[in-house]
Every structure is written in C-alpha cells, then in structure tokens.
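What follows is a short report on a single structure.
Structure below.
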C-alpha cells in the first residue's frame, strides 16, 4: 500500500477513539495492575496511553515541522521512550484518554493545514540514530507506531489471562509472543 | 490475573465498540484490499469481523451451554475457522460491525443471565481436538480470542505500511511478526 496523507489520517484519527472504546470501562487489573509492575511484565495499557501522549507532544508534529522548515539543523531531538512513567503520575486513565484525544485532534488539524504535496513528502530530516529519513517515512511511521501500540495493549491484556485458557493456549498466537 | 465472569465481560463488551472505532472510517485499502487477497497476505480486517460473528453464532455461547447442561454428549461441534469467507459475501463492513455488535450484546446478556458460580466454572466439556476443558477455560479463551483478533487487525494494517517506514522498521516490532 502506498502512503497517502489522507489515508494515514484515517488511522491517526481512529486511534484515540479505539483506545477509548477498548479501555474506558475496564477494571484496574486490566489497565494498570500494581502486581504487573512488580513483576516487570512490560508496559501496562495505562503506560501505553501516556507514551502516545508524549509522542504527540514531542515527536511526530515537531519532527515533521523540522523537516518542512528545512532549516540549517534538521536533526531531530531524541525521543524519550520512558517519559510516560513521569508524566502519567497522579492521572487517571480517563484523564490520559481525554488528553490524548485532544492532542491528537490538534496534531491532525496541523497536518491537514500543511496541505502536503508529494514534494513535501520527499523532504528529508536527520534522525539522531537512524540517519536521513523523509517526511513520508516519518508520517508512515507515526501510523504504524499507533497500530504497534494498539497491538501491544491487546497483547498485554491477553497475557494477563494466559494462565486461564488451559489447552487452548496452543491456538492463541497472542500468547506465544514475547514481551513487546 | 484470575478469571472472573465480570472482568471477562468488560472485555467482551468492549470488543465490538473497539472494532467500530478502529475500522468504521477507513478506506477499503485498510480493511479489504483486493490486492492483499491475491497476494495471500493473511486475513484482512474485514475477514476478522466475519470470523468474530461466526464465533458468537456457533462457538462460545453454544459450547458454554453444552457444558452447563451436562448432558450425555458434552463434545463440542468443531468450529469452522474459515466460515467467514462465505458468510461475509456481499456484506459491507458496516453491516458486519452492526451484526457483531448485536450478536455480542445477546451473548453477554445470556452470559449474565446464567449468574455463573465458581462451581459452574469448574464444569467440564470435551473439545473435539483438545480434550477435556472447563467452562472457566472456555470463557477465558473467548476473551483472549477477542484480543488476539484485535491484535491481528492492528498487525494486518501495520503490515500494509511496512514498506513505507524506511529505517524506522527496526524499531517497530509489529513489522517483525509473521503472518497471524
């Protein structure tokens, strides 16, 4: 499938709604179990929402802006993949879901306002670790990153019931994946 | 995490809402791309919704009923994992999402009406391939099966953009998974 801004936006807009639908009515055991934290079993759904918030605040649009402006220094600021543990403190999941929905609406509005052409999408910036990347690759990565974390939430939740399914375990590929 | 009917229902009720939020506004390329069919790249999101419909129609509640009734023959009817290719023909994604939402509401209402006790959950049935299973395992599997397919949809969609992300590929675990 070729990248297009419009089709990318379809997914970017769906993500906060999807997380809201999936998580809003769940008990704490599903979304943020203190026991899981202790056992270091990977990110809880609560952590993932904070991570997505941090991405919309500091990563996707700011990096796209660096590329579009084509200034002297086009190297992105490194992204802190663990900032959510600090910024989510004291917030409820409902707080985070609302904040993410709000930020994402702003991000998408900015993206639409830019009215990007194919020439824009070919412009380049520099990732601090990966080197030269195009705006097209950045925006496609944003979409895949959303889907990656929806997948991570589904995996995290399924894993919590991994000990309850008995012999069905062998049919459920989600229980065979390692920590993500 | 221990299994409980109430916490299982939280996820079972969230699934149709999640699929609706994720898929309702997407272009055909995301949900049912004729090219993907030709290339045999696994199930499309459209196919997954049909599969979940077939599960609510013929698998979860019917099997739970066989266990609860404890009749002479407690062996489940084998589940057709490919029935959706026939039953989804000629339907739109919107049709399937509505049908699934409706069926799932009925399934959950039935489950609630049973007011299952721990003793009920210990009752056994016979899976045609896996042998003896408990009602608890069946219901936990239903929940994990939902999450497995939410994960599969996210994977299927992410894979469509796998060729667009450039060097970011190595950071995105969803692009490293094999067909599911």
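Chains as they are written, first to last, in my numbering: chain R, 1 to 180; chain X, 1001 to 1180.
Glycine included, every Cβ here is placed at the ideal spot set by N, Cα and C.
CB contact below 8 Å: residue i versus chain R
| i | result |
| --- | --- |
| residue 1136 of chain X | yes |
| residue 1143 of chain X | yes |
| residue 1027 of chain X | yes |
| residue 1124 of chain X | no |
| residue 1110 of chain X | no |
| residue 1100 of chain X | no |
| residue 1003 of chain X | yes |
Host alpha helix (DSSP H) of residue i (start-end)
| i | result |
| --- | --- |
| residue 1005 of chain X | 1005-1023 |
| residue 1094 of chain X | 1093-1113 |
| residue 1163 of chain X | Residue 1163 of chain X -> no alpha helix (DSSP H), and no H or E assigned at all. |
| residue 124 of chain R | Not the alpha helix (DSSP H): residue 124 of chain R falls in the beta strand (DSSP E), residues 124-127. |
| residue 1083 of chain X | That residue, residue 1083 of chain X, is in no alpha helix (DSSP H); it is neither H nor E in DSSP. |
| residue 1045 of chain X | 1045-1058 |
| residue 30 of chain R | 28-31 |
Chain X contact for residue i (CB, 8 Å cutoff)
| i | result |
| --- | --- |
| residue 223 of chain R | This structure leaves residue 223 of chain R out entirely; chain R is present only between 1 and 180. |
| residue 42 of chain R | no |
| residue 147 of chain R | yes |
| residue 96 of chain R | no |
| residue 54 of chain R | no |
| residue 116 of chain R | no |
| residue 131 of chain R | yes |
| residue 175 of chain R | yes |
| residue 22 of chain R | yes |
| residue 180 of chain R | Low confidence applies here, because residue 180 of chain R scores a pLDDT of 46, under 50, leaving its location unreliable and the question unanswered by this model. |
CB of residue i within 8 Å of CB of residue j, strictly
| i | j | result |
| --- | --- | --- |
| residue 1068 of chain X | residue 1045 of chain X | no |
| residue 143 of chain R | residue 49 of chain R | no |
| residue 164 of chain R | residue 1165 of chain X | no |
| residue 1110 of chain X | residue 1061 of chain X | yes |
| residue 1088 of chain X | residue 1047 of chain X | yes |
| residue 130 of chain R | residue 20 of chain R | no |
| residue 1092 of chain X | residue 7 of chain R | no |
| residue 1167 of chain X | residue 108 of chain R | no |
| residue 145 of chain R | residue 55 of chain R | yes |
| residue 100 of chain R | residue 1161 of chain X | no |
| residue 1117 of chain X | residue 18 of chain R | no |
| residue 1064 of chain X | residue 1135 of chain X | yes |
| residue 1057 of chain X | residue 1103 of chain X | yes |
| residue 86 of chain R | residue 1001 of chain X | no |
| residue 1024 of chain X | residue 1051 of chain X | no |
Opening and closing residue of the beta strand (DSSP E) in which residue i lies
| i | result |
| --- | --- |
| residue 1134 of chain X | 1131-1134 |
Give the residues from the stretch 1059-1082 of chain X that approach chain R closer than 7 Å (Cβ to any Cβ), ordered along the chain.
none
Members of the stretch 155-173 of chain R that neighbour chain X once the beta carbon cut-off is set at 7 Å
155, 157, 158, 160, 161, 164, 165, 166, 167, 168, 172 and 173
Quick one, which residues of the stretch 6-20 of chain R are near chain A if we go by CB-CB under 9 Å, in chain order?
Structure shown: chain A not included; protein chains present are R and X.
Three or more C-beta pairs closer than 8 Å, one from the stretch 117-125 of chain R and one from the stretch 61-78 of chain R: is that the case here?
yes
For the 8 Å Cβ check, are there 3 or more pairs between the stretch 1011-1030 of chain X and the stretch 1166-1173 of chain X?
no
Three or more C-beta pairs under 8 Å: does that hold for the stretch 1155-1162 of chain X against the stretch 146-154 of chain R?
yes
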